[in-house]
Structures are given as structure tokens and as C-alpha cells.
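Visitor:
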Ligand SMILES: [Zn+2]
Ligand SMILES: [Zn+2]
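Numbering (the numbering used here), first residue to last: 409 to 557.
1) Output the residue ranges of the alpha helix (DSSP H) runs that lie fully inside the stretch 501 to 537 and measure 4 residues or longer, sorted by chain position.
2) Could you tell me whether the Cβ atoms of residue 499 and residue 516 are closer together than 8 angstroms?
3) Please report the straight-line C-alpha distance between residue 483 and residue 429, rounded to a whole angstrom.
4) Does the beta-carbon of residue 475 have 16 or more other beta-carbons within 10 angstroms, so that it is buried, or is it exposed?
5) Give me the pocket residues for ligand 2, defined as CB within less than 5 angstroms of any heavy atom, sorted by chain position.
6) What number of angstroms, rounded off, separates the C-alpha of residue 518 from the C-alpha of residue 448?
7) Determine the direct distance from the alpha carbon of residue 450 to that of residue 466, and round the result to whole angstroms.
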């Protein structure tokens, strides 16, 4: 199991915005930088809390809509939700998730054998499958250590 780290760089981000004729504003750049700087899978509210330190006029709604726009143009991913608020993933490369059911942390990992899992035959006939992600659920190390104390 390898740790994943494949975020769009700021250059890729700016180029993708230009390709989609999305205006590059200081707020958009800040939102992108905060999100990719985290290395986690934050909610729009978590990104908002950080961005509003620099842009006191920005609203949660703006941050939320910006993140959804980023997802549309493919510079971030929306994570499958496990209930609760929508979460965003700065890593748009092929990777898998470990989800801690205690603290809600989503940890990225890469694993070629998961990438190579074959698709169920009945689904292959029904759908066009373009990507796959394995989600493992359990307790992260921090929560395990906490439990045993
Ligand atoms: Zn945990
Ligand atoms: Zn991820």
C-alpha cells in the first residue's frame, strides 16, 4: 500500500481554468491552494474557515459553489459521501480510500492490485465503467490507540 500524492499543480489548475474559460480570481486561487495544501478530504465549510482568514467577505455558499465548479472541470474530486457533508478530494489521480468510521478521516492510498480488479461481468454489459475506487472501512491508527487506552 503506497501513499497517494497526485494533486493538480497550480500550473495545471490555471491552465484548466483557462481551457474552461473560468475566470481566475484571487479567491478561486486561494480556495484551490487551501484545498490542495491540506492533503485531506475537507468539507466546503472547512475550506471556507481557512479561506475567510484572507478573504473576510467570502461566503460559504461561494466556496461551496467554487468547489463544485472545480469538480466539474476536473481539478478536484467529490468524494463518495458516507452521510454528512459533501467532501472534496484534491487528488484526482486513480487512488483508493480508507475511511475511518470513528473519526471520519479519509486516507488516500494506491494499490495496483485494486486498480486491476476486474469488473463484474453483468455490470460490464449494462454500464460503461470509466473508473473504480476501493473503499476500505475501519479504524485508523489514532482511533485504535485511543480505544485501547
Ligand atoms: Zn480514526
Ligand atoms: Zn482521496
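Note that beta-carbon positions come from the ideal geometry of N, C-alpha and C, so glycine has one too.
Guide: Concretely, from the data shown:
1) 520 to 523 and 529 to 534
2) Counting from 1 along the chain shown, the entry for residue 499 is found at position 91. Counting from 1 along the chain shown, the entry for residue 516 is found at position 108. A contact, by the Cβ cut-off of 8 angstroms.
3) Within the chain shown, residue 483 is the residue found at index 75, counting from 1. Within the chain shown, residue 429 is the residue found at index 21, counting from 1. Distance between the alpha carbons of residue 483 and residue 429: 14 angstroms.
4) Position 67 of the chain shown, counting from 1, holds the residue named residue 475. With 16 or more Cβ atoms within 10 Å of its Cβ, residue 475 is classed as buried.
5) 497, 499 and 516
6) Within the chain shown, residue 518 is the residue found at index 110, counting from 1. Within the chain shown, residue 448 is the residue found at index 40, counting from 1. Distance between the alpha carbons of residue 518 and residue 448: 15 angstroms.
7) As a position in the chain shown, residue 466 is number 58, starting the count at 1. As a position in the chain shown, residue 450 is number 42, starting the count at 1. Roughly 18 angstroms separates the two Cα atoms.
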